[in-house]
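What follows is a short report on a single structure.
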Amino acid sequence: MSVTDQPEAEAPEGLEALEALEAQFEAVIARSDRVEPRDWMPDGYRRTLIRQVAQHAHSEIIGMQPEGGWITRAPSLRRKATLLAKVQDEAGHGLYLYSACETLGVSRGELTEMLIEGKQKYSSIFNYPTLSYADVGTIGWLVDGAAICNQVPLCRTSYGPYGRAMIRICKEESFHQRQGYELLMAMMRGTDEQRAMVQESVDRFWWPALMMFGPPDDDSPNTAQSMAWGIKRNTNDDLRQRFVDMSVPQAEALGVTFPDPELRWNAGRGHYDFGQPDWEEFAQVVKGDGPCNAQRIAHRRRAHEDGAWVREAASAFAAKQAAS
Ligand SMILES: [Fe+2]
Ligand SMILES: [Fe+2]
C-alpha cells in the first residue's frame, strides 16, 4: 500500500506516533544516553553520523599509507616492529569504524566505493608526504596527538556503536603518540643532523596538524547541530586550543620549536595564543588538490581491485556453505 492509499483517519495517529518517537529520541539526547542502531532517529542525525563515521574510517585506512612506506626503511628491528604494530592498529580502527557505520544502514562496499570515487572525504593531514624518517615520530606525536584531542570526547558521543569503538581506539592512539614522542626523543639525543631532521619535520607538520580540527567555528556550519545532537561534544576551536596548550610544554621538553611567531602564553586567558593556519591551503587540500591526494586514492583503489579475488572467494565459500 502506498502512502496515498492510507485512509485519512490514520494520518493523525501516524503523526502522533512520529511525535512520540521524536520525543523519545530527544529525551535520550537530553539525558546524554546512547542512541542504539534499532532506535528511531531523525534522518539528519543518521546522515550526519554516516558522513562523520565514514570520514573517520577512511582516515584510519588512508592514514596507513604515509607511514606504511617507512616500515621497510625503519632503522632497526625494534623500530620496524613498533611501526608495523602501529600501522596495523590503524587498519583495525578502520574496521571498527566501518562496522559502526554499517549499523546505520550503509554497507562497507558502498563506503569504499564512495571513498575511491571521491564522494566521501578523509582527514586532510594524510595528503601530506612523509619525507624523512623523523616524520614517523612527528606523526605519532602531533597527528595521533591531535587525533586523541578530537577523539577522547567522542567516547561520549550519543551514538552507541561509534562511542564504544572510540573507547578502544583512544587507548591504542595513546600508544601511538608515546611511540612517536619516544622516537623523537631518541633522535634529539643523537647527532646535530638528527636534531635538524626532527625540527624540519615538526616545521612541516605543525600547521597541517592544527588544520586537523577543521575550520574555525565561525566557518563550521554543521557544528551547532552536531553538538545539539550530542554527536560532537566540543567545537573545533576549543579542541585546537586544547591541543596547542598540551603540545607546547611537550615541544619544550623535546627541545624543538613550532613555526609560529604569534605563539605565546597568555596569562590573562590561561592559554597559549597562536596564529591561524593557512585556511586557503586547507580548502585546496580538502577539495582534492593537496600534495598527495591523487596518489593516496590511486593506491587505495589499486589495493581494493587487487583484493577483489578475496571478496569473490569469500562470497563463493559462504554461498557453498549456505547451500550444503
Ligand atoms: Fe587510528
Ligand atoms: Fe593512530
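When you number the sequence shown by the numbering used here, it's gap-free, plus one each residue, and the end is 554. Glycine included, C-beta positions come from ideal geometry on N, C-alpha and C.
Asked: For Val516, three-class secondary structure by DSSP; Found: helix
Asked: Which listed residue (Cys400, Glu423, Glu412 and Ala377) has its alpha carbon closest to that of Ser362; Found: Glu423
Asked: Beta-carbon contacts of Phe443 that lie in its chain and below 6 Å, excluding the five residues immediately before and after; Found: Asn466, Leu469 and Arg470
Asked: Distance, Trp509 Cα to Pro445 Cα; Found: 7 Å
Asked: Paired residues, beta bridge with His501 - DSSP; Found: Asn496
Asked: Spatial distance of Arg398 from Arg277 (CA atoms); Found: 24 Å
Asked: CB of Ser353 within 7 Å of CB of Ser450, strictly; Found: no
Asked: Environment of Val540 [buried if 16+ CB atoms lie within 10 Å]; Found: exposed
Asked: Tyr363 (DSSP reduced to helix, strand or coil); Found: coil
Asked: Bridge-paired residues (DSSP) for Val265; Found: Tyr389
Asked: His288 CB to nearest heavy atom of ligand 1 below 6 Å; Found: no
Asked: Segment contact flag, the segment 360 to 374 with the segment 430 to 439, C-beta cutoff 8 Å, min 3 pairs; Found: yes
Asked: Option in Trp436, Leu251 and Lys462 with minimal Cα separation from Ala568; Found: The structure shown does not extend to residue 568, since the chain is modelled only from 231 through 554, so no value can be given for it.
Asked: Chain-order list of residues whose beta-carbon lies under 8 Å from that of Leu314 (same chain, five-residue window excluded); Found: Ile301
Asked: Top-ranked residue by Cα proximity to Arg472, from Thr421, Tyr392, Glu402 and Pro383; Found: Pro383
Asked: CA-to-CA distance, Gly393 to Cys400, given in whole angstroms; Found: 10 Å
Asked: beta-carbon Glu297 near ligand 1 non-hydrogen atom, thresh 6 Å; Found: no
Asked: Exposed unless 16 or more other CB atoms sit within 10 angstroms - verdict on Ser388; Found: buried
Asked: Span separating the alpha-carbon of Gly500 from that of Leu279; Found: 34 Å
Asked: Helix, strand or coil at Gly348 according to DSSP, with G and I counted as helix; Found: coil
Asked: Own chain, CB closer than 8 Å to Gln350, minus 5 neighbours either side, in chain order; Found: Arg281, Ala284, Gln285, His288, Leu341 and Met344
Asked: Contact under 7 Å by Cβ, Tyr502 with Val486; Found: no
Asked: From Leu440, Gln514 and Gln407, residue whose alpha carbon lies closest to that of Thr312; Found: Gln407
Asked: Segment limits, alpha helix (DSSP H) that includes Ala549; Found: Ala538 to Ala553
Asked: Start-to-end residues for the alpha helix (DSSP H) that takes in Tyr275; Found: Asp273 to Ile292
Asked: Contacting residues, own chain, Cβ-Cβ under 7 Å from Leu440 (five flanking each side not counted); Found: Arg470 and Pro507
Asked: Helix, strand or coil at Pro296 according to DSSP, with G and I counted as helix; Found: helix
Asked: Three-state secondary structure assigned by DSSP to Ala439; Found: helix
Asked: Distance between Tyr328 and Gly274 (C-alpha atoms, nearest Å); Found: 19 Å
Asked: Residue environment, Gln318, which counts as buried when at least 16 other CB atoms sit within 10 Å; Found: exposed
Asked: Cβ neighbour criterion (16 or more within 10 Å) applied to Gln236; Found: Per-residue confidence for Gln236 stands at a pLDDT of 42, beneath the threshold of 50, marking its modelled position as unreliable; the derived number appears in the next sentence. With fewer than 16 Cβ atoms within 10 Å of its Cβ, Gln236 is classed as exposed.
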